[in-house]
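Peer 1: After the C-alpha cells below, expect a handful of questions from me.
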Amino acid sequence: MRVTLKVWRQKSKDDTGRFETYTPQNISSSMSFLEMLDVVNEELITQGKDPIAFDHDCREGICGACSLVINGTAHGPQRGTTVCQLHMRSFRDGEEIYIEPWRAKGFPVIRDLVTDRSAFDRIMQAGGFVSVNAGGAQDANCLPVPKQCADKAMDAAACIGCGACVAACKNASAMLFVSAKVSQLSLLPQGQPERARRVLNMLRQMENESFGGCTNTLECEAVCPKEISVEHIARLNREFASAALVSEEG
Amino acid sequence: MKLDAKIPSGPLAEKWDRRKFEMKLVAPANKRKYRIIVVGTGLAGASAAATLAELGYFVDAFCFQDSSRRAHSIAAQGGINAAKNYQGDGDSIYRLFYDTVKGGDFRSREANVYRLAQVSAQIIDQAVAQGVPFAREYGGLLANRSFGGAQVSRTFYARGQTGQQLLLGAYSSLSRQIGLGMVNMHERTEMLDVVVVNGRAKGIITRNLKTGVIRRHLADAVVLATGGYGNVFYLSTNAIGCNVTATFRAYRRGAGFANPCFTQIHPTCIPVSGDYQSKLTLMSESLRNDGRVWVPKKKGDKRIPVEIPENERDYYLERKYPSFGNLAPRDIASRSAKQVCDEGRGIGESGLGVYLDFSDAIARLGEDKIRERYGNLFHMYQKITDENPYNVPMRIYPAVHYTMGGLWVDYDLQSTIPGLFVIGEANFSDHGANRLGASALMQGLADGYFVLPYTLANYLASTPREQVSVDSAEFAELEKSVRDRMYRLLSIKGKRSPASFHRELGSIMWEHCGMARNKDGLMKALRKIPELREEFYKNLLVKGGNEEFNQQLERAGRVEDYFEFAELMCMDALEREESCGGHFREEFQTDDGEARRNDERFKHVAVWEYKGDEKPVRHQEALEFETVQLATRSYK
Amino acid sequence: MNGLGRIFTMTVGLKFLMAVSGFILVGFLVGHLSGNMLLYAGPDAINQYAEVLKKFPVVLWTTRIFLIIAVFVHIYSGVKLSVLNKRARPHAYAVTKRVKATLPSQTMLLSGAVVLSFTLYHLAHFTFRWTHKEEFAGLGDFDVHAMMVLSFQSSVVSSFYVLSIVLLMMHLNHGLVSFFQTLGVNHSKYNGVVKSLSILLSIILALGFISLPISIYFGFVS
C-alpha cells in the first residue's frame, strides 16, 4: 500500500519544528504502525538523511512508551490500542497521515516525536504510593478486600502512564492519570492512612507541572489505550472534597 | 578466576537464617555515608533501589527508558509463584524449591533456590501492602491459580498484567524514596562501563541519552539489574531496548559470565509475518489448556485449514506425548514445532508456524465459554493478525522469551568482581537450564527486596573504605574509552543501519543457536559472526553526533556488544555437549528424540572469563545436590 | 494552606465553585421560566407577578445579591480555569480529530460569554429599560406583558433571543452533566438517569424560553 506521511520534525526543544512529507515504498498493510516507521527510517538512513526519532519499547501495548498523535487522535484511529498495536490495515491506501508528538506544556518535545514525560514521575513521587518499607508488611490475607473493590482498583491500576489523556485533552489535563492512581489506592484498605495527603499532594504537583484542569469532555477516556473510565476522575473529585474540607490533613 | 559460591553450611532450611546472622551490619548512622549505584529499574532494580534507600543508603538509580516505570518486567502476564499454601493443597517451601530445581533440569544451585522459595511468601505480603490489586475471591482473600503445569495452585495474579502491577508497586516505593531525596533517579541514561579500582567495583560510566553527555559516577558498590539478553536473536518477546551491554561490559571488566547458552523459547507466540517484523508477541501459555496443536500430514499442504480433513492432520504433541499431550512443557513443545516445520509441514506463508485449534473446544464448551476464558487473548490475536480465532485456528510459533544464563554470582549475589552485585534476570542463579512459569517475577523481587539488602550490607561492613575519586586515572581512562567508542561508531560512515546488522546477526543466532543446536551449526555461526562484525565495522552508518539525542547511536552500541556476546553464547553451546532444559544439542538425544542430559560431565555451571583478544576461558562451578535426587524428566 | 484556600486556588476546587454557582444559576432559570410562563395566563397574571416581586424588596435584593455573587463566582472560576487550561497547551495540533468530546463541551467559554452578554442585554432591555426607551415610554412600572409583546414583534430582537437561548441550552447541556461529574456523582448505577435528566432539563428550559418570543412574534400572544 501507499501512504503519504506528514511527520513533525523538531531538532531539539528550542527548535521551532515543521512538518516534512515522506512517501515510503514497501509498506504492507500487515505491518504495525511503528514497523512502518522503522521502514521509513531505513529508507531515510540509506538516503543519508536523519531518521525520525520516536519513543517505543515493548511493542506489545504495556510499557506506555509509544506516544504519537495520528491524524489528530492520540494513539490513532483504533480504540483501546496503543500506537505499537495499531496496524497499517487501519488506513486507506493512498491516505495522508499526519503524525505529531504529544503537545502539552508539561510534555516538552525532546526531538521530533519524542517528549519528556518526567512530569508524570514527579506527580507519582508526590504521593502515588503507600508508605510501607520492605519487610514490614503483615500477612497478605490479614485484610480482606471485597472482590468488587479489588476489581475496580485493578481497572484503575491498568494505567500505563503513556500520557494519551493529556495529549487528547483540550486543556492538556492530567486528571485521568492522577485519578487512576488516587482511585486505585483509595479503593484498597492499604491506601487509607495516606488518602487525604495523597490526593492533595498529587493534584498540587499536577498543577505545578503546568497541566490544565478537567472540563469533562471525556476525550481522555476515549483515547485511553487501557480504556480507563472518567468514573475515576469523579472519585478523585470526591477524594479532594473530603481531603480539603473534612479531613484532618493540614 | 576463583569461583567460591559461599554457600553457608548446615541443613538446607537453615542456611539463609544462618547466613543472615553471620553477616555484618552497617550501623544506622553510617548508612547515609554510603552511596550505591543500581542500574536498571525493573522488578529487581526498582525493588532493590527502593529498599536500600528505605534502609538509609544513598542510591543512584539508572534506566535507559524515559521513566523507571517502563522496564520490561511490565510485560509479564501470567503471575508470580509463592509458597503461601493459602489453598491448603499441599504446597510448601520445599515443594516450590523442588519443582524449581527439577524444572531447571538440575542445573541450578540448591541453596539459592531454597532461599528463593523461602522468601517468596514475603513478596506477596509486601506487594499487597503496597496496594497491588491482586485477584481476589468473593470472601476478600487472595485468589490463586495453577500455572505452567504445577500440581498446586500457588500462582498469584492480577488479570493478565501481573508483571505490570508488581512493577508499579516497586516503582511506587522507588518514587517515594526519590521524593524523599534518598534516590537520585537518572532516566534516559545508559550504563556503558563499570569502573573497577583496586579490584573493586567503584562506579560506572554513563551516557545521557537525551544530551549525549558522558559522565562518571562514584559509589561504594554497584548493583546490576539490567535484565536478559534475548534480543541477541533480534526477534524475541523482549522490548526493543533490552540489551546485554551492561552485563557484557561488566564481563569485559572481569565478571564471569555463566551459562550464556541457556535461553528459553516460549512455544506460543504469534509467528513472524514479514521481514519488517520488529518484535514477537507472546500469547499466554494457558491457551494450550483448550487448544489442540496440529500441522498437515502432507508436506507443503497449502490448503486452508478447514479444507484439511481430520485424517490428514497430525496432532503431533498428542501423538508423541500421549499423557501430557498439548500441555507438554515449554522446551518440548517448542522443539516439536520446529521439527514439524523443518520437515516442511509448517503452515502460513513462511512455513514457520503451526495451528492452535479451538474448534473442538468450541464445539464441546460453546463459544461463550471460550470467550470467557480467553476473550482478551483472542482479541489481542485478532488485533495483530486480523484473523478471527473463533473461526479459523490460531497460527503460533516459538519465540525467544527469557535467558536463564547471566553474570555469575555467589550466594550473596556478588559477581566475581567484589562490590559488583547482579540481581534478577541479569544473573544466572536460580533457574538452571529452564525457568518455570511465574518464577521470573518471584526471583526479581526476592533478590531486590529480601536478599540483596542484607548481603550488600555485609559487603560494605566488611570492606575497608578507600578514598577513591572520580578524578582518578581509572575513571578518566574509562570515560575516554567510552567516548572513543561512540566516536568510532560515528566515524565509520558506511551504508547500513545498526538495525540491519542486528537483524542479520539475529537470524544467524536463531538458525544455529536457537531451539536446537549442533556442532556444525555452531561452528558455522562462529565463522559467520566475526565476518558480519567485520562488515559492521566497515559499513555501519550512524547519522548525527554523540552530543545529541541519537537513537541510532544507542542502537549501534548495543548491537556492537551483541556481536561479541553472540560468539560467547555459541562457544558455550558448543562446549556443553549435552541436552538440558532450554539447551538442546541434536547430537545428544535419545532414540525417540528426547533430551539426553550428561550429569557426569556437565553437572556444573560454566563460567566464562574474558581474556581480551584471546579466546575466553571456561571455568566450572560444580553443582552439589545434597537434598534432591537427580532424575530424568519424562512427559510421555 | 487550609481547605478553603485550596478550594479557591486549585483547579478541582475552582471547578467545585463553578459547579455549585452554575447550579444556583440553573435554579434561578427554573424560577425565572416558571414566572415567565404566566405570560400565557394573560397580561394581568404576569404583571401582577412582577408587582408582587417588587413588594418584598428585602427578599428581592437578597436573591439578587445572591445571584450576582453566583454569577461572579461562576465567571471568576470559569475565566481562571480557562486561562490555566489555555496555558497548558502553548503549541496547538495541526490536525485535531475528537473521538468523544461534544461540541458543547468544547465551547463552554464561548457559549458562556454569549450567555453573559445576552444577560447584560436582557437586563438593559427589560430591567433597566435602556435599550427600548422610546417604545416603553408610555408603559406602567409593572407592564411586563406589554414590554414583551412590543419587543418580540421585532424579528431582530426575537431571533437574537432565540439564538442566545440555543447557546444557553448548549451551555447547560454540558454544564448540568458536568455538575454531577465534578461533584463526584458518577456511578454506573445511575449515570444514565442523571445524564438523561440533565439533558431533559436543559431542553425544557430552552423550549420554555424560546416559546415566549416565538408565540409573540407569530401572534399567538398579543
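First to last, the sequence lines map onto chains V, F and P. Residue numbers for the first sequence, in my numbering: 1 to 250. Residue numbers for the second sequence, in my numbering: 251 to 886. Residue numbers for the third sequence, in my numbering: 887 to 1108. Each residue gets a CB set at the ideal place from its N, CA and C atoms; glycine is no exception.
Closest by CA to Ala-212(F), which one among Asp-618(F), Val-701(F), Asp-564(F) and Asn-481(F)?
Peer 2: In the structure as shown, chain F begins at 251 and stops at 886. Residue 212(F) is therefore absent and cannot be evaluated.
Peer 1: What are the residues in the stretch 976-1003 of chain P lying within 8 Å of chain V by C-beta distance?
Peer 2: Under the 8 Å Cβ criterion, the stretch 976-1003 of chain P contributes Pro-976, His-977, Ala-978, Tyr-979, Ala-980, Val-981, Thr-982, Lys-983, Arg-984, Val-985, Lys-986, Ala-987, Thr-988, Ser-991, Gln-992 and Met-994.
Peer 1: Applying the criterion that 16 or more other CB atoms from any shown protein chain within 10 Å of the CB defines a buried residue, is Trp-544(F) buried or exposed?
Peer 2: Position 294 of the second sequence, counted from the start, is the residue given in the question as residue 544(F). When all chains shown are included, Trp-544(F) counts as buried.
Peer 1: Here's the rule I'm using: 16 or more other beta-carbon atoms within 10 Å means buried, otherwise exposed. How should Thr-405(F) be labelled?
Peer 2: On the second sequence, residue 405(F) is found 155 positions in, with the first residue counted as 1. Buried.
Peer 1: Name the chain V residues whose beta carbon is nearer than 9 Å to that of Arg-386(F)?
Peer 2: Indexing the second sequence from 1 puts residue 386(F) at position 136. Those within 9 Å of Arg-386(F) in chain V are Pro-144, Val-145, Pro-146, Lys-147, Cys-149, Ala-150 and Asp-151.
Peer 1: Expressed to the nearest angstrom, what Euclidean distance is found between the alpha-carbon atoms of Leu-888(F) and Asn-237(V)?
Peer 2: Chain F is shown from 251 up to 886; residue 888(F) falls before or after that span and cannot be answered.
Peer 1: For Leu-1036(P) and Glu-1021(P), which I take to be in contact (beta-carbon distance under 8 Å), what is that distance rounded to the nearest angstrom?
Peer 2: Mapped onto the third sequence, residue 1036(P) falls at position 150. Mapped onto the third sequence, residue 1021(P) falls at position 135. Sure, about 5 Å apart at Cβ, within 8 Å.
Peer 1: Rounded to whole angstroms, what is the Cα-Cα separation between Ile-1090(P) and Ser-297(F)?
Peer 2: Residue numbering aside, residue 1090(P) sits at position 204 when the third sequence is read from its first letter. Residue numbering aside, residue 297(F) sits at position 47 when the second sequence is read from its first letter. Cα-Cα distance, rounded: 58 Å.
Peer 1: What number of angstroms, rounded off, separates the C-alpha of Glu-221(V) from the C-alpha of Arg-585(F)?
Peer 2: Sequence index remark: in the first sequence, residue 221(V) carries index 221 (1-based). Sequence index remark: in the second sequence, residue 585(F) carries index 335 (1-based). Rounded to whole angstroms, Glu-221(V) to Arg-585(F) spans 43 Å at the Cα level.
Peer 1: For Ala-974(P), decide whether its Cβ has a neighbour in chain V, counting only Cβ atoms nearer than 7 Å.
Peer 2: As a position in the third sequence, residue 974(P) is number 88, starting the count at 1. Cβ-Cβ to chain V under 7 Å: yes for Ala-974(P).
Peer 1: Going by other Cβ atoms of all chains shown within 10 Å of its Cβ, with 16 needed for buried, is Pro-579(F) buried or exposed?
Peer 2: Counting from one through the second sequence, the residue named residue 579(F) turns up at place 329. So Pro-579(F) counts as buried.
Peer 1: Just grab the DSSP bridge partners of Gln-664(F) for me.
Peer 2: Numbered from 1 along the second sequence, position 414 holds the residue referred to as residue 664(F). Note: Gln-664(F) sits in a beta bridge opposite Phe-671(F).
Peer 1: Within 10 Å of its beta-carbon, does Cys-511(F) have 16 or more other beta-carbons around it, so buried, or fewer, so exposed?
Peer 2: Position 261 of the second sequence, counting from 1, holds the residue named residue 511(F). When all chains shown are included, Cys-511(F) counts as buried.
Peer 1: For the stretch 944-973 of chain P, which residues have a beta carbon sitting closer than 9 Å to at least one beta carbon of chain V?
Peer 2: Listed by position, the residues of the stretch 944-973 of chain P near chain V (Cβ gap below 9 Å) are Leu-967, Ser-968, Leu-970, Asn-971, Lys-972 and Arg-973.
Peer 1: Could you please give the first and the last residue of the uninterrupted beta strand (DSSP E) stretch that includes His-436(F)?
Peer 2: Position 186 of the second sequence, counted from the first residue, corresponds to residue 436(F). From DSSP, the beta strand (DSSP E) with His-436(F) extends over 433-436.
Peer 1: Could you pull the start and end residues of the beta strand (DSSP E) that Cys-519(F) belongs to?
Peer 2: By one-based count along the second sequence, residue 519(F) stands at place 269. That run of the beta strand (DSSP E) goes 513-519.
Peer 1: Shorter than 7 Å from the beta carbon of Val-482(F) to some beta carbon of chain V?
Peer 2: Counting from one through the second sequence, the residue named residue 482(F) turns up at place 232. So, not an interface residue.
Peer 1: Whole angstroms are fine: how far does the CA of Thr-705(F) sit from the CA of Leu-275(F)?
Peer 2: Along the second sequence, one-based indexing puts residue 275(F) at 25. Along the second sequence, one-based indexing puts residue 705(F) at 455. When rounded, the distance between both Cα atoms is 9 Å.
Peer 1: Three Cβ pairs or more, each shorter than 8 Å: is that satisfied between the stretch 488-505 of chain F and the stretch 757-773 of chain F?
Peer 2: Too few Cβ pairs lie closer than 8 Å, so no.
Peer 1: If you draw a straight line from the alpha carbon of Ala-167(V) to that of Lys-901(P), how long is it in whole angstroms?
Peer 2: Residue 167(V) sits at position 167 when you count from the first residue of the first sequence. Residue 901(P) sits at position 15 when you count from the first residue of the third sequence. The straight-line gap from Cα to Cα measures roughly 21 Å.
Peer 1: Would you kindly report the start and end of the unbroken alpha helix (DSSP H) that includes Lys-774(F)?
Peer 2: In the second sequence, counting from the first residue as 1, residue 774(F) sits at position 524. Where Lys-774(F) is concerned, the enclosing alpha helix (DSSP H) stretches over 769-789.
Peer 1: Taking the alpha-carbon of Val-132(V) as reference, which of Glu-194(V), Glu-35(V) and Ala-158(V) has the nearest alpha-carbon?
Peer 2: On the first sequence, residue 132(V) is found 132 positions in, with the first residue counted as 1. When each option's Cα is compared against that of Val-132(V), the closest is Glu-194(V).
Peer 1: Can the beta-carbon of Pro-521(F) be found closer than 7 Å to that of Tyr-647(F)?
Peer 2: Taking the second sequence and counting its residues from 1, the one referred to as residue 521(F) is at position 271. Taking the second sequence and counting its residues from 1, the one referred to as residue 647(F) is at position 397. Against a cut-off of 7 Å, the Cβ pair of Tyr-647(F) and Pro-521(F) comes out as a contact.
Peer 1: Can you find a CB in chain P that lies within less than 7 Å of the CB of Thr-4(V)?
Peer 2: For the purposes of this step, residue 4(V) is taken as the residue at position 4 of the first sequence. Cβ-Cβ to chain P under 7 Å: no for Thr-4(V).
Peer 1: Below 8 Å on the Cβ atoms is my contact criterion, and I expect Glu-859(F) with Val-867(F) to pass it. Report the Cβ-Cβ distance as a whole number of Å.
Peer 2: Locating residue 859(F) in the second sequence gives position 609, counting from the first residue. Locating residue 867(F) in the second sequence gives position 617, counting from the first residue. That belief holds up - the Cβ atoms of Glu-859(F) and Val-867(F) are roughly 5 Å apart, short of 8 Å.
Peer 1: Among the candidates Ile-373(F), Asp-267(F), Gln-427(F) and Glu-304(F), whose CA atom is the shortest distance from the CA of Ala-361(F)?
Peer 2: Taking the first residue of the second sequence as 1, we reach residue 361(F) at position 111. Considering only alpha carbons, the answer is Asp-267(F).
Peer 1: Would Arg-111(V) pass as an interface residue toward chain F - the criterion being a Cβ-Cβ separation below 7 Å?
Peer 2: Looking up residue 111(V) in the first sequence gives position 111. Yes, its Cβ sits closer than 7 Å to a Cβ of chain F.
Peer 1: Just to confirm, is the Cβ distance from Ala-153(V) to Gln-192(V) under 7 Å?
Peer 2: On the first sequence, position 153 is the one that residue 153(V) refers to. On the first sequence, position 192 is the one that residue 192(V) refers to. Not in contact: Ala-153(V) and Gln-192(V) (Cβ atoms no closer than 7 Å).
Peer 1: Give every residue of the same chain whose Cβ lies closer than 6 Å to the Cβ of Gly-419(F), excluding the five residues on either side of it in the sequence, and list them in chain order.
Peer 2: Residue mapping note: residue 419(F) aligns to position 169 of the second sequence, counting from 1. Cβ within range, chain order: Ala-377, Gln-380 and Val-382.
Peer 1: Kindly indicate if chain V contains any beta-carbon less than 7 Å away from that of Met-896(P).
Peer 2: Your numbering for residue 896(P) matches position 10 in the third sequence. So, interface residue.
Peer 1: Contact defined as beta carbons within less than 8 Å: I believe Ile-932(P) pairs with Val-1030(P). What is the distance between those atoms, to the nearest angstrom?
Peer 2: Taking the first residue of the third sequence as position 1, residue 932(P) is located at position 46. Taking the first residue of the third sequence as position 1, residue 1030(P) is located at position 144. Their Cβ separation, rounded to whole angstroms, is 5 Å, which keeps Ile-932(P) and Val-1030(P) in contact under 8 Å.
Peer 1: At 9 Å on the CB atoms, spell out the chain B contacts of Gly-161(V), in chain order.
Peer 2: You won't find chain B in this structure, because its protein chains are V, F and P.
Peer 1: Secondary structure at Val-223(V), three-state DSSP: helix, strand or coil?
Peer 2: Stepping through the first sequence from its first residue, residue 223(V) is reached at position 223. Helix.
Peer 1: Suppose you measure from the CA of Ala-311(F) to the CA of Val-672(F); what does that come to, to the nearest Å?
Peer 2: Looking up residue 311(F) in the second sequence gives position 61. Looking up residue 672(F) in the second sequence gives position 422. In a straight line, the C-alpha of Ala-311(F) is about 14 Å away from that of Val-672(F).
Peer 1: Do the stretch 1065-1072 of chain P and the stretch 962-974 of chain P make contact, defined as three or more Cβ pairs closer than 8 Å?
Peer 2: Judged by Cβ distances under 8 Å, the stretch 1065-1072 of chain P makes no contact with the stretch 962-974 of chain P, as fewer than three pairs qualify.
Peer 1: Between Pro-425(F) and chain V, is any beta-carbon pair separated by less than 7 Å?
Peer 2: Here residue 425(F) refers to the residue found at position 175 of the second sequence. The sequence as given places Ser at residue 425(F); Pro does not occur at that position. Ser-425(F) counts as touching chain V.
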